[in-house]
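Counting from 25, one number per residue, gives the positions in the sequence shown under the numbering used here. Backbone N, C-alpha and C define an ideal beta-carbon position, used for all residues, glycine too.
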Amino acid sequence: MTDGYTASSGPKRLAVLDIETTGLAPGSDLILEVGMVIVDSKLDEIAHHCVLIASPRNVAWAKQTFAQWDRPAPLTVAQRMHLNNWLISDLHQPLSFAQGHADGTHTAVTGYQQATELLCAFLDEQGIIEPVPLVGSSVRSLDGPFLELHMPKLFSRFTHRTIDASALTELARFMDPRGYEDLSAATPDSGHRTIEDCRRSIGIIRAFARRYGIGSFSAGTGPTTPTS
Numbered sequence: 025m026t027d028g029y030t031a032s033s034g035p036k037r038l039a040v041l042d043i044e045t046t047g048l049a050p051g052s053d054l055i056l057e058v059g060m061v062i063v064d065s066k067l068d069e070i071a072h073h074c075v076l077i078a079s080p081r082n083v084a085w086a087k088q089t090f091a092q093w094d095r096p097a098p099l100t101v102a103q104r105m106h107l108n109n110w111l112i113s114d115l116h117q118p119l120s121f122a123q124g125h126a127d128g129t130h131t132a133v134t135g136y137q138q139a140t141e142l143l144c145a146f147l148d149e150q151g152i153i154e155p156v157p158l159v160g161s162s163v164r165s166l167d168g169p170f171l172e173l174h175m176p177k178l179f180s181r182f183t184h185r186t187i188d189a190s191a192l193t194e195l196a197r198f199m200d201p202r203g204y205e206d207l208s209a210a211t212p213d214s215g216h217r218t219i220e221d222c223r224r225s226i227g228i229i230r231a232f233a234r235r236y237g238i239g240s241f242s243a244g245t246g247p248t249t250p251t252s
């Protein structure tokens with residue numbers, strides 16, 4: 025496997041990252057799932073891996089959510105979201121989650137340390153040895169702080185630079201409102217599972233690159249619908 029960087033053109037591959045959590049506060053909330061999709065310079069997917077963190081605290085949170093739902097009792101935004109996307113069900117049956125993907129792309133572990141080691145090894149296997157920019161949607165404001173606190177070794181695999189899909193849409197909104205409308209129309213709603221949302225971010229970046237003629241994408245062809 026070749027190194028993730030070339031001397032003249034930067035990284036050959038990037039890792040698009042997404043996490044799912046119990047809330048928005050790194051100090052009090054938990055990481056439930058981490059996913060990565062590896063892409064080349066044409067934004068083609070090379071590989072992906074998802075890790076479900078079925079730690080005792082996460083499983084207890086899932087059980088509490090089910091208990092509140094059964095009563096019924098008020099649920100937080102995160103609880104409702106993760107009931108709807110089956111993440112809470114997966115936390116109840118982590119072995120079924122992993123066994124449901126025979127290709128080995130989905131793994132269930134019992135803690136942050138195991139998740140960190142698996143994902144760092146995945147980066148190594150994909151030739152991403154040196155730190156690369158963090159890629160995703162709102163990754164510096166949400167994903168980054170959670171990783172820095174709970175999974176610092178994984179966080180260290182990324183530089184301070186960011187390629188943020190949501191920032192690109194905001195730039196289009198500011199400078200090219202028509203372009204923003206086209207990008208928004210081509211972007212599906214988030215499903216709030218990590219691999220799906222990584223692919224959504226890739227789709228936004230691809231649509232932006234196509235519209236504005238960046239790299240291998242020719243200008244004027246309009247955005248394509250992101251992969252969901």
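Practice problem: Return the Cβ separation of residue 208 and residue 161 in integer angstroms, given the expectation that the two are a contact with Cβ distance under 8 Å. | Solution: In this structure residue 208 does not touch residue 161 by the C-beta definition: roughly 13 Å separates them, more than the 8 Å allowed.
Quiz item: If we call anything under 8 Å between Cβ atoms a contact, is residue 229 one with residue 192?
Solution: It is a contact, given that the beta carbons lie within the stated cut-off.
Quiz item: What three-state label does DSSP hand residue 106 in the structure shown?
Solution: Three-state result, residue 106: helix.
Self-check item: Touch test, the segment 139-159 against the segment 94-101, Cβ-Cβ under 8 Å, three pairs minimum
Solution: Segments in contact, no.
Quiz item: Which residue comes first and which comes last in the beta strand (DSSP E) that contains residue 238?
Solution: First-last for residue 238: undefined, no H or E at that position.
Quiz item: What is the DSSP secondary structure of residue 199, counted as helix, strand or coil?
Solution: Correct three-state label for residue 199: helix.
Exercise. Determine the contact status of residue 185 and residue 44, defining contact as a CB-CB distance below 8 Å.
Key: No, the Cβ-Cβ distance between residue 185 and residue 44 is not below 8 Å.
Self-check item: Those residues which DSSP pairs with residue 40 across a bridge
Solution: Paired residue(s): 61 and 159.
Quiz prompt | Continuous beta strand (DSSP E) assignments of at least 3 residues falling wholly in the segment 91-145 | solution = DSSP runs (the beta strand (DSSP E)) wholly in the segment 91-145: 130-133.
Self-check item: Nonlocal neighbours in the same chain, by C-beta distance under 7 Å from residue 147, ignoring five residues either side
Solution: Counting only residues of its own chain and dropping the five nearest sequence neighbours on each side, residue 147 has a CB closer than 7 Å to the CB of 39 and 181.
Practice problem: Compute the Euclidean distance between the alpha carbons of residue 223 and residue 213, then round it to the nearest angstrom. | Solution: Going from the Cα of residue 223 to the Cα of residue 213 covers about 12 Å.
Self-check item: Per DSSP, the bridge partner or partners of residue 182
Solution: Residue 182 pairs with 156.
Quiz item: Residues bridged to residue 74 by DSSP?
Solution: In DSSP, residue 74 forms a bridge with 59 and 130.
Quiz item: Taking DSSP as the reference, what is the three-state secondary structure of residue 35?
Solution: In the structure shown, the three-state DSSP call for residue 35 is strand.
Quiz item: Grouping DSSP H, G and I as helix and E and B as strand, with all else coil, what is residue 221?
Solution: If DSSP states are grouped into helix, strand and coil, residue 221 belongs with the helices.
Quiz item: Going by other Cβ atoms of all chains shown within 10 Å of its Cβ, with 16 needed for buried, is residue 125 buried or exposed?
Solution: Exposed is the call here.
Practice problem: Answer yes or no: do residue 196 and residue 203 have a C-beta to C-beta separation smaller than 8 Å? | Solution: Yes, they are a contact pair.
Practice problem: Could you pull out every residue in the same chain whose Cβ sits closer than 7 Å to the Cβ of residue 120, ignoring the five residues on either side in sequence? | Solution: If we look at residue 120 and ignore the five residues flanking it on each side, it has no Cβ neighbours.
Quiz prompt | Cβ neighbour criterion (16 or more within 10 Å) applied to residue 110 | solution = Per the 10 Å Cβ criterion, exposed.
Practice problem: Quick one: give me the first and last residue of the alpha helix (DSSP H) that residue 168 is part of. | Solution: Membership of residue 168 in the alpha helix (DSSP H) is indicated by the continuous run 168-174.
Quiz item: Which same chain residues, not among the five before or five after residue 189, have their C-beta less than 6 Å away from its C-beta?
Solution: Excluding positions up to five away in sequence, the list reads 161, 225, 228 and 229.
Quiz item: If we ignore side chains and look at the alpha-carbon of each, how far apart do residue 166 and residue 138 end up?
Solution: So the two alpha carbons sit approximately 21 Å from each other.
Quiz item: Straight-line CA distance for residue 141 to residue 89?
Solution: If you take the alpha carbons of residue 141 and residue 89, they lie about 29 Å apart.
Exercise. For residue 86, collect the residues of the same chain with a Cβ closer than 7 Å to its Cβ; drop the 5 residues on either side in sequence, then sort them by chain order.
Key: Taken in chain order, the residues that qualify are 112, 115 and 116.
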